[in-house]
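The sequence shown begins at 649 in this note's numbering and counts up one residue at a time.
Virtual Cβ for every residue (Gly too), placed ideally from N, Cα, C.
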Amino acid sequence: MSIVFNQAQDIFHLTTKNTSYVMKVLEKKYLSHLYWGKKIRSSNLNYILQFRDRCSFNANPDGFGSDFSLNIVPQEYPCYGTSDYRTPAYEVQLENGTTVVEAYYKGYKIIDGKPKLQGLPATYGNEDQVKTLEIELYDELLGLKIILSYSVFYEQDVITRSVKFVNGGNEEIKLLRGLSSSVDFHSDNYDILQLSGAWARERNIIKRPVAKGIQSIESRRGFSSHVQNPFIALLDKKATETNGDVYGFSLVYSGNFLAQIEADENDVARVQMGINPFDFNYLLKKSEFFQTPEVVMVYSDKGLNKMSNIYHRIYRENLMRGKYKEKERPILINNWEATYFDFNEEKIENIVKQASSLGIELFVLDDGWFGKRNDDKSSLGDWFVNKNKIPSGIKGLSSKIIKSGIEFGLWFEPEMISEDSELFRKHPDWIIHCENRSSSLGRNQYVLDLSRDDVCEEIINMISKILEEAPISYVKWDANRNMTEIGSSKLETNRQRETAHRYVLGLYKILENITSRFPDILFESCSGGGGRFDPGMLYYMPQTWTSDDTDSVERLKIQYGTSLVYPIISMGAHLSAVPNHQVERITPLDTRANVAMAGNFGYEIDVTRLEKEEKDKIKNQVEFYKEIRNTIQFGDFYRLLSPFEGNETAWMFISKDKNEVIVFYYYVLAHPNPTDKRLKLIELQELSNYALAETDEIYGGDELMNIGINIPYCLGDFKSYIFRFNKI
Ligand code: DGJ
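What follows is the structure in structure tokens.
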């Protein structure tokens, strides 16, 4: 049993294959946190909490003596105002304006399987894979139910948490804060790991010590954002890729979020995650409810690689959906960096012909095919083909492309609208905006108000019309700005601060509709590269354009950081031209391929302009990737050397059946008189032998892990090598 309630001790013990998560109901009222970590037996857990009078400034809830204060109790879902001075997990405002809630433990329910979270993406599993514990906290005065859900994926070593607020009383309640999870750790002697960046340099790894007070990462942009990713981990001070305790928190949500660590005066670290309370309110009228998104929590006793393996597996198997979940993804070519807006039908046909002869499997027509769009100043919202550029229309062009033996994909940016568009002239109030205020432009465009049903419907109709009329097998769903002046012309005054969240719900409704209506289409999400690379989007679209930065040196960091949480199959990685368009660096064709091939591989280059030698190389790359693709996309991935720590980067893949091992090594800048380098592998079978594909040389698993492989002597910048082993 993965969920057990010990009635005698009032203790809930949740277990996965390797972990335990334990809570206790104190004094029949308060749900407190006892333990999360490596699996333990459940013999005597009552000794964990100690109560004593610590100081008179800790108040004692009504009816309790001076040795009991909520300020010293580790809590599961702390409230505000009744003796815990730390940050609450939720806060509500009553009609009388006060904000104190007294919600106490009422009961629990264990469910086989995992109920859906209404309107929100979430992990899923059948009754054999997952069990759910629902604990109810209840405020009698308000009739407010707070249902805490814990879903336990036993085999996957994952626990997910979410919360539902139900207004069962007679008055209107305003939810001011409703986080998805809160965990009080017994110590604050940890480091925080976060994935931070900016446009074109997303998800760089930042590590900092937990310090007294509050540290947080968040998004206020309406999107999860390039700047911070909705992920945070607590690491013990000695944790590495292969050792140490690591606690990961990943939010399945694509909008404003908060991840916060508060280290208090008793050396407790409180880690919280959920929708950002900044500029957020949610009104709950009688019988209405609010569902928070879920947090996917992973504990690893063997460092970051194990944590990532767990996230990769649960997101690949229990979050992604649809036909492509288990299908190898096509090698694509996208015309964006090859042509930008400057293309016509003939140019596209030439690219396609060439790409097809190189073995590339899918052509993607990017921005600029619709309305009168020849730059980024117009036409978003006018989703009809520009016949001046493509006289045969999308239908005609796609049929021609398919005849050349390659699939056809199309770019959209459905959530946005250009000021210069027919749609905006017709519906100027359809944008996110505040009445009587000016509206800021970003890339000459506004954000459509997806909190409105009529806007969502129109988007569904416009996009579906094109997808229905032509044989399109792939869609790139882009979104190139963040929100400002957040408000909606359709929402009541006291619901304006719901706009950003309702936008996300509207987006999810559109995606659910379109992806289920077109189940054969492979969808890739994008937001100026990786501005919305989050688990919420992966639920609908099983791959994401990782970054607009395709420079192979920068990509080492971006892909390394992204791999902390997100499966390799979800990371779009394309080889592009040199000098690189983002950093103007010139790197060898082989290294550009070797970096991109460690992801979901493709090209972003004008293949009609290549020299014969380059074409031959690309043909070989395509062939090679097809051979290794299954291991890259479905195998286990391990990081070996970090680009954040030195000049070398390395990572490796082991196929599902453990028979193939592929190692990637990158050396960024040359040094004179280099020493001999050796790279140790991990997670091989000690007593098995492995043959190096290029030379047939045989190595023992124990040798590869304890001695390592020799890296060829190299001079010159930006070198890289791939070693492919087969187990014999
Ligand atoms: C941003 C994307 O990340 C690019 O790949 C490209 O699609 C442009 N938008 C097009 O406007």
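Any non-hydrogen atom of ligand 1 within 7 Å of residue i CB
{"i": "Trp1193", "result": "yes"}
{"i": "Cys1174", "result": "yes"}
{"i": "Asp1324", "result": "no"}
{"i": "Gly1177", "result": "yes"}
{"i": "Trp1017", "result": "no"}
{"i": "Asn983", "result": "no"}
{"i": "Asn1128", "result": "yes"}
{"i": "Trp1059", "result": "yes"}
{"i": "Asp1196", "result": "yes"}
{"i": "Asp1199", "result": "no"}
{"i": "Asp1014", "result": "yes"}
Same chain only: Cβ atoms within 7 Å of residue i, ignoring 5 sequence neighbours per side
{"i": "Thr890", "result": "Lys950, Gly951, Asn953, Ile1330"}
{"i": "Asn1161", "result": "Ile1108"}
{"i": "Asn924", "result": "Glu866, Ser867, Arg868, Asn904, Phe905, Leu906"}
{"i": "Ile1386", "result": "Because the chain is modelled from 649 through 1376, residue 1386 falls outside the range shown and cannot be assessed."}
{"i": "Pro1291", "result": "Leu1204, Lys1205, Tyr1208, Thr1297"}
{"i": "Asn708", "result": "Ser714, Phe716, Ser717, Ser731"}
{"i": "Leu688", "result": "Checking the displayed sequence, the identity of residue 688 turns out to be Ile instead of Leu. Closer than 7 Å at Cβ, skipping near neighbours: Ser668."}
{"i": "Asn774", "result": "Gly761"}
{"i": "Ser1004", "result": "Ser1052, Gly1053, Ile1054"}
{"i": "Phe1249", "result": "Ile979, Ala1221, Tyr1273"}
Coarse secondary structure for residue i, derived from DSSP in three states
{"i": "Gln723", "result": "strand"}
{"i": "Asn1248", "result": "strand"}
{"i": "Trp1078", "result": "helix"}
{"i": "His681", "result": "strand"}
{"i": "Val1316", "result": "coil"}
{"i": "Glu1377", "result": "Limits of the chain in this structure are 649 at one end and 1376 at the other, which puts residue 1377 out of reach."}
{"i": "Asp1296", "result": "It should be pointed out that residue 1296 corresponds to Glu in this sequence rather than to Asp. Glu1296: strand per DSSP, three-state reduction."}
{"i": "Asp787", "result": "strand"}
{"i": "Pro878", "result": "strand"}
{"i": "Gln1269", "result": "helix"}
{"i": "Tyr1122", "result": "strand"}
{"i": "His960", "result": "helix"}
{"i": "Arg1239", "result": "The sequence shown places Thr at residue 1239, not Arg. If DSSP states are grouped into helix, strand and coil, Thr1239 belongs with the helices."}
{"i": "Val1231", "result": "coil"}
{"i": "Met649", "result": "coil"}
{"i": "Glu1061", "result": "coil"}
{"i": "Ile1108", "result": "helix"}
Spatially closest choice to residue i from the options, by CA coordinates
{"i": "Trp1204", "options": "Phe879, Gln920, His681, Asn852", "result": "Trp is not the amino acid found at residue 1204; the sequence shown has Leu there. For Leu1204, the nearest C-alpha among the options comes from Asn852."}
{"i": "Lys1074", "options": "Ser1027, Lys1048, Phe1366, Lys995", "result": "Ser1027"}
{"i": "Leu1096", "options": "Ala1148, Trp1059, Ile1054, Val1123", "result": "Ala1148"}
{"i": "Val946", "options": "Lys665, Lys779, Leu1223", "result": "Lys665"}
{"i": "Met1189", "options": "Phe1181, Glu936, Phe1032, Glu1172", "result": "Glu1172"}
{"i": "Leu1352", "options": "Pro1320, Lys1367, Pro1322, Ile1310", "result": "Ile1310"}
{"i": "Glu1308", "options": "Gln1333, Leu693, Arg1326, Glu1293", "result": "Gln1333"}
{"i": "Glu724", "options": "Asn744, Ala1339, Met921, Pro1119", "result": "Met921"}
{"i": "Met1245", "options": "Arg1277, Leu1258, Glu997, Ser1218", "result": "Arg1277"}
{"i": "Gly1154", "options": "Cys1082, Thr1194, Glu1063", "result": "Glu1063"}
{"i": "Val900", "options": "Tyr752, Leu765, Val875", "result": "Leu765"}
{"i": "Gly1179", "options": "Ser1004, Trp847, Ser1137", "result": "Trp847"}
{"i": "Gln908", "options": "Ser935, Ile981, Ile880, Ser902", "result": "Ile880"}
{"i": "Ser872", "options": "Cys1104, Gly1177, Lys793", "result": "Gly1177"}
{"i": "Ser828", "options": "Arg969, Phe897, Lys686", "result": "Phe897"}
{"i": "Pro1183", "options": "Thr746, Gly816, Glu850, Met968", "result": "Met968"}
{"i": "Arg961", "options": "Asn719, Tyr772, Tyr1314", "result": "Tyr772"}
{"i": "Ser1069", "options": "Glu788, Glu675, Asp1024", "result": "Asp1024"}
{"i": "Pro1076", "options": "Gly1019, Trp1031, Ser1137", "result": "Ser1137"}
Residue i Cβ short of 7 Å to ligand 2 heavy atom set
{"i": "Trp1125", "result": "This structure simply doesn't include ligand 2; it includes ligand 1 instead."}
Beta carbon proximity, residue i to chain C, threshold 8 Å
{"i": "Phe1060", "result": "Protein chain content of the structure displayed is limited to a single chain, and chain C is not contained in it."}
Neighbourhood of residue i by C-beta distance below 6 Å, restricted to the same chain and skipping five residues each side
{"i": "Leu1212", "result": "Ser956"}
{"i": "Arg964", "result": "Pro1215"}
{"i": "Ser1387", "result": "Nothing in the structure corresponds to residue 1387, since the chain is present only between 649 and 1376."}
Chain-order list of residues whose beta-carbon lies under 8 Å from that of residue i (same chain, five-residue window excluded)
{"i": "Asp915", "result": "Ser835, Asp836, Asn837"}
{"i": "Ile1169", "result": "Leu1115, Ile1120, Ser1121, Tyr1122, Val1123, Thr1163"}
{"i": "Gly861", "result": "Glu910, Ala911"}
**Prompt:** Contact between the stretch 856-867 and the stretch 792-799: three or more CB pairs below 8 Å?
**Reply:** The stretch 856-867 is not in contact with the stretch 792-799.
**Item:** Meets three-Cβ-pair contact criterion under 8 Å: the stretch 1091-1105 and the stretch 1046-1058
**Value:** With a cut-off of 8 Å, the stretch 1046-1058 and the stretch 1091-1105 do not count as touching, because too few Cβ pairs lie within range.
**Request:** Check whether the stretch 1224-1237 touches the stretch 1193-1202, counting contact only when three or more Cβ pairs, one atom from each stretch, lie closer than 8 Å.
**Result:** With a cut-off of 8 Å, the stretch 1193-1202 and the stretch 1224-1237 count as touching, because enough Cβ pairs lie within range.
**Request:** Examine the Cβ distances between the stretch 814-828 and the stretch 931-946 and report whether three or more of them are shorter than 8 Å.
**Result:** Cβ pair count under 8 Å is three or more, so yes.
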